[in-house]
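What follows is a short report on a single structure.
Number of protein chains: 2
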Amino acid sequence: MNDPTPSLKAIRRPVPDALVERLRQRFGDRFSTAEAVREHHGRDESPFLPVPPDGVVFAESTEEVAEIVKACGEHKVPIIPFGVGSSLEGHLLAVQGGLSVDLSRMNEVLSINPEDLTATVQTCVTRKQLNEALRDTGLFFPIDPGADASIGGMAATRASGTNAVRYGTMRENVLGLKVVTPQGTVVETGTRAKKSSAGYDLTRMFVGSEGTLGVITEVTVKLYPQPESIAAAVVSFPTIRGAVDTVIQMIQLGVPVARSEFIDAEAIKAMNNYAKLSLREQPTLFLEFHGSEAGVKEQAQTVQELASDNGGEGFDWATRPEDRTELWNARHNAYFACLQARPGSRAISTDTCVPISRLADCLVGAREILDRSSTPTMIVGHVGDGNFHCVILLDPENPQEVEQSEKLNDEIVKLALSLEGTCTGEHGIGLHKIGFLVDEAGEDAIDLMRRIKLAIDPDNIMNPGKIFRL
Amino acid sequence: MNDPTPSLKAIRRPVPDALVERLRQRFGDRFSTAEAVREHHGRDESPFLPVPPDGVVFAESTEEVAEIVKACGEHKVPIIPFGVGSSLEGHLLAVQGGLSVDLSRMNEVLSINPEDLTATVQTCVTRKQLNEALRDTGLFFPIDPGADASIGGMAATRASGTNAVRYGTMRENVLGLKVVTPQGTVVETGTRAKKSSAGYDLTRMFVGSEGTLGVITEVTVKLYPQPESIAAAVVSFPTIRGAVDTVIQMIQLGVPVARSEFIDAEAIKAMNNYAKLSLREQPTLFLEFHGSEAGVKEQAQTVQELASDNGGEGFDWATRPEDRTELWNARHNAYFACLQARPGSRAISTDTCVPISRLADCLVGAREILDRSSTPTMIVGHVGDGNFHCVILLDPENPQEVEQSEKLNDEIVKLALSLEGTCTGEHGIGLHKIGFLVDEAGEDAIDLMRRIKLAIDPDNIMNPGKIFRL
Chain P
297 MNDPTPSLKA IRRPVPDALV ERLRQRFGDR FSTAEAVREH HGRDESPFLP VPPDGVVFAE
357 STEEVAEIVK ACGEHKVPII PFGVGSSLEG HLLAVQGGLS VDLSRMNEVL SINPEDLTAT
417 VQTCVTRKQL NEALRDTGLF FPIDPGADAS IGGMAATRAS GTNAVRYGTM RENVLGLKVV
477 TPQGTVVETG TRAKKSSAGY DLTRMFVGSE GTLGVITEVT VKLYPQPESI AAAVVSFPTI
537 RGAVDTVIQM IQLGVPVARS EFIDAEAIKA MNNYAKLSLR EQPTLFLEFH GSEAGVKEQA
597 QTVQELASDN GGEGFDWATR PEDRTELWNA RHNAYFACLQ ARPGSRAIST DTCVPISRLA
657 DCLVGAREIL DRSSTPTMIV GHVGDGNFHC VILLDPENPQ EVEQSEKLND EIVKLALSLE
717 GTCTGEHGIG LHKIGFLVDE AGEDAIDLMR RIKLAIDPDN IMNPGKIFRL
Chain D
297 MNDPTPSLKA IRRPVPDALV ERLRQRFGDR FSTAEAVREH HGRDESPFLP VPPDGVVFAE
357 STEEVAEIVK ACGEHKVPII PFGVGSSLEG HLLAVQGGLS VDLSRMNEVL SINPEDLTAT
417 VQTCVTRKQL NEALRDTGLF FPIDPGADAS IGGMAATRAS GTNAVRYGTM RENVLGLKVV
477 TPQGTVVETG TRAKKSSAGY DLTRMFVGSE GTLGVITEVT VKLYPQPESI AAAVVSFPTI
537 RGAVDTVIQM IQLGVPVARS EFIDAEAIKA MNNYAKLSLR EQPTLFLEFH GSEAGVKEQA
597 QTVQELASDN GGEGFDWATR PEDRTELWNA RHNAYFACLQ ARPGSRAIST DTCVPISRLA
657 DCLVGAREIL DRSSTPTMIV GHVGDGNFHC VILLDPENPQ EVEQSEKLND EIVKLALSLE
717 GTCTGEHGIG LHKIGFLVDE AGEDAIDLMR RIKLAIDPDN IMNPGKIFRL
């Protein structure tokens, strides 16, 4: 079983009074050691109990971040970058103590280049905020995790969402970064050119590094023209396999679907209750097609035929923009809807991703594993990518429920790894999947990651205790 | 000026007799110190004069590569991986001596997974060989540098080609790698899942590392369904700007063009001579559209209108597959056609890539710079990506021509960097762009690259002297 406790038991490093005094003098009210503030910054959306930092600094510029990093570096005090707190794997817990650097005030859209289809934003601009800023340009930024996450945080966890099947993940959509290194140096990676072979891919080294190699302070991302035509549909199936087979066949045929989300009967039920919807409580696909009018019509027709062949019924088209907004809001809030199915619960969310040919086996197998749970469980997922989330509700204060959930989680991850998949498609490793990463990548690959970490951050001050054990 | 000579003057490291004897005993005929063999392995398609290695080992398996690396590592002897020798930046020159590891016998397609749209190949399978193996599957592998390069070599230089505007580069299309590390360990990176957030992105650390971090021995790549419909066209323009503006407007409108190649009048002339074609000797676009029949028709119509608005004339459609093959063969052979414009020449090929909004300025500016050359010059390029190549012919034995070419090259790179671009879109840094990388990325970014290099390869045995100076 994947046991996060060793990290949680790690010894907190001392934060010298001299550092506290220096930060207080320099940042005044923007440095806080108040319990409520520390508590808020020592937790995320994972089921882990909070582990607060020793203090929180609210930074307002890259230069301030560099100053904080240098000051902490002198005392080997850990630094945990904090965006909007929506991570799901314990990334923000101060397991070795240290300071949380709250970046929420760095939330300016710095430039939009419609001609180049790029935008440069400060790290804590959220995905919705960027899309709001793009409203009059005819462009959009497609990456959409459930939460209204910060774009810097999304880069740090290599996030994706419902549009990734068509537009890729943060891996494909970050062109360049501004990063404060553990030495307090400011480095810019990448250029605004669409492609480059210029040296090691530092951009993609920082994308997915979960705050362990530096603090991302600016992100340049790709944008896309709003499609001429959009069509969204809901279709339900008598069986999970029917829904999944439809998606698999669609992908294998090369239909350029923009979104293809699976939601199982239990999750639909939770969404109906939470968002006052009246969807059929059956395995369901939410689909969306982007393109020219003719192109969308063609895609929709192909998929409608595939769905019928697999037992799909009640193809329900959301043609008005407001109907589509309602649909995707419901999908984005699915995690919160699931949590409400048993008020007061927290949840473990699995995040496995497998090759598309193994998806039906993985998803059906996962449902069988979940059916043994004594607490409610749901499945939602970006199945066009082979990625889905099992949501297992639990009371974090109830050791039996925690143990049971971890055991089910463990079985699902092992199943995905046996099917040539990964333990995390988009949430990251954090504290929770450290053991799974070893199972997946092997000790020799972890050794390479450790070498990189120690070369860049020899004192291990950047979000220590995450991704792997040093 | 970007001067490669310091690297070329680096001291060759001694290759002890004990190592030579050991390799001779172990590999027999597959270890050679013959001058002709060494000479062949100490050069590439760049204009640099050869710098032969001290010996060449022909490896037949990952295990053999690991054995060779371990043996060389014991004596700190450099290792230069050799694929088909088509690199353009001096990657293969043994500037610090050592052994070339010829991988050409590792050329087996290991598996094709049509259901998952993936294939796993040994490192020296070439792009054409893979597409030949895919012929009956309805799938294809899109990345197509001019040469029939090895897929391992293409990964090592983060290569792309004419299809990148639609399908991405090796950065986007490598799912996983098998790599021999400088310690002789065999590491597998990535999985066959389409996306992952599992730890540092080791796959993309090795993609583009130019043999300096390890030897790539297997590559898992993405495949794509053959489009239902394909249309290709040639259209010529009275001015460079007319051609480039057409491409810029097409990209900004979001037309999902599959290929959009610019060829200037001088390059068309060379191609006409080389391939016995009769293209109009004017600035020209080669275009290709992929999709459903209706989709391709729509795209073609949109672009035809844009071209007309920009003075394009003689829209000539290649509808038969054999006509398309002739067209793209001519494009892929453009570099060799240019070389033939002055028999016996070698060439410097620039490789700048800029944001699309700066492309017209960059390309027109580059042509003005080239017009000062005393030797023939041509421009060809993947303009949909903002990437183009100026081919400057030279006699490598003529110091004046070498100096002039380097000077023009230098000016063109500086122009691209001033337009927020990169010095290399797809060829890599090698020996030739070490100075430009410093200009582009800055010393602090190079410092991060050096830290990674020394952490992974502390004795600097992997293709030393390339990308940056240690």
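Protein chains in written order, with the numbering used here: chain P, 297 to 766; chain D, 297 to 766.
Every residue gets a Cβ at the ideal spot worked out from N, C-alpha and C, and that includes glycine.
Owing to the predicted nature of the structure, the values given are computational and were not obtained by experimental measurement.
Distance between Val-517/P and Asp-667/D, taken at the CA atoms: about 36 angstroms. Interface with chain P (7 angstroms Cβ-Cβ cutoff): Tyr-463/D is excluded. Using a Cβ-Cβ cut-off of 8 angstroms, Leu-750/P is close to Ala-751 of chain D, given in chain order.
Listed in chain order, the non-local C-beta contacts of Arg-401/D below 8 angstroms within the same chain comprise Phe-354, Ala-355, Glu-356, Cys-420, local neighbours out to five positions each way being set aside.
Ala-390/D is the residue among Val-551/D, Ala-390/D, Pro-695/D whose C-alpha sits nearest the C-alpha of His-336/D. Ser-653/D sits in a helix when the DSSP states are folded into three classes. The beta carbon of Lys-490/D sits closer than 7 angstroms to some beta carbon of chain P. DSSP places Cys-686/D inside the beta strand (DSSP E), whose first and last residues are 683-690.
With 16 or more other Cβ atoms from the protein chains shown falling within 10 Å of its own Cβ, Gln-595/D counts as buried. If only complete runs of 4 or more residues are kept, the stretch 304-368 of chain P shows the alpha helix (DSSP H) at 313-323, 331-337, in order along the chain. A direct Cα-to-Cα measurement between Arg-576/D and Asn-459/P gives close to 43 angstroms. Counting along the chain, the unbroken beta strand (DSSP E) around Ala-528/D starts and ends at 525-532. Taking a 10 Å sphere around the C-beta of Val-660/D, we find fewer than 16 other C-beta atoms and assign the residue as exposed. Membership of Glu-484/D in the beta strand (DSSP E) is indicated by the continuous run 482-485. Collapsing the DSSP output to three states places Tyr-631/P in a helix. Taking C-alpha positions only, Gln-425/D is separated from Gly-591/D by approximately 30 angstroms. Under the 7 angstroms criterion on CB atoms, Asp-740/P is classed as interfacial with respect to chain D. One Cα belongs to Gln-700/D, the other to Pro-343/D, and the distance between them is close to 13 angstroms. The three-state reading of DSSP puts Leu-766/D in coil, since its state is none of H, G, I, E or B. Not flagged as an interface residue toward chain P: Thr-419/D, since no C-beta distance is shorter than 7 angstroms. What Phe-344/D touches in chain P, judged by beta-carbon distance under 9 angstroms, is nothing: the nearest beta carbon there is about 18 angstroms away.
Contacts with chain D (Cβ-Cβ distance below 9 angstroms) from the stretch 718-743 of chain P involve Thr-718, Cys-719, Thr-720, Gly-721, Glu-722, His-723, Gly-724, Ile-725, Lys-729, Phe-732, Leu-733, Glu-736, Ala-737, Gly-738, Asp-740, Ala-741, Ile-742, Asp-743, listed in chain order. Within its own chain, the residues whose Cβ lies closer than 7 angstroms to the Cβ of Arg-746/D, once the five positions on either side in sequence are excluded, are Phe-764, Leu-766, listed in chain order.
Apart from the 5 residues on each side of it in sequence, Ala-455/P sits with its Cβ closer than 6 angstroms to the Cβ of Pro-441, Met-466, Glu-722 in its chain, given in chain order. For Gln-418/D, the uninterrupted beta strand (DSSP E) run begins and ends at 414-418, by DSSP. Within the same chain, Cβ atoms closer than 7 angstroms to the Cβ of Ala-656/D are found at Arg-537, Val-540, Asp-541, Ile-544, the five residues on either side in sequence being excluded. Looking at the backbone, the Cα of Thr-433/D and that of Ser-492/D are separated by about 27 angstroms. In the three-state DSSP reduction, Arg-555/P falls in the strand class (E or B). Minimum Cα-Cα distance from Ser-669/D among the listed residues Asp-681/D, Val-698/D, His-678/D corresponds to Val-698/D.
By the neighbour-count criterion, in which 16 or more other beta carbons inside 10 Å mark a residue as buried, Pro-349/D falls on the buried side. For Thr-513/D, the enclosing beta strand (DSSP E) stretches over residues 511-518. Going by beta carbons, Val-352/D and Gly-338/D fall outside the 7 angstroms limit. Against chain D, a Cβ distance below 8 angstroms from Val-599/P picks out nothing, because the smallest value is about 13 angstroms. With distances taken between CA atoms, Glu-385/P lies nearest to Ser-645/P out of Glu-736/P, Ser-645/P, Ala-603/P, Ile-675/P. By the Cβ neighbour-count rule, Asp-681/D is buried, with 16 or more other Cβ atoms within 10 Å of its own. Boundaries for Val-543/P: no beta strand (DSSP E) harbours it, while the alpha helix (DSSP H) harbouring it runs 536-548, taken from the DSSP string.
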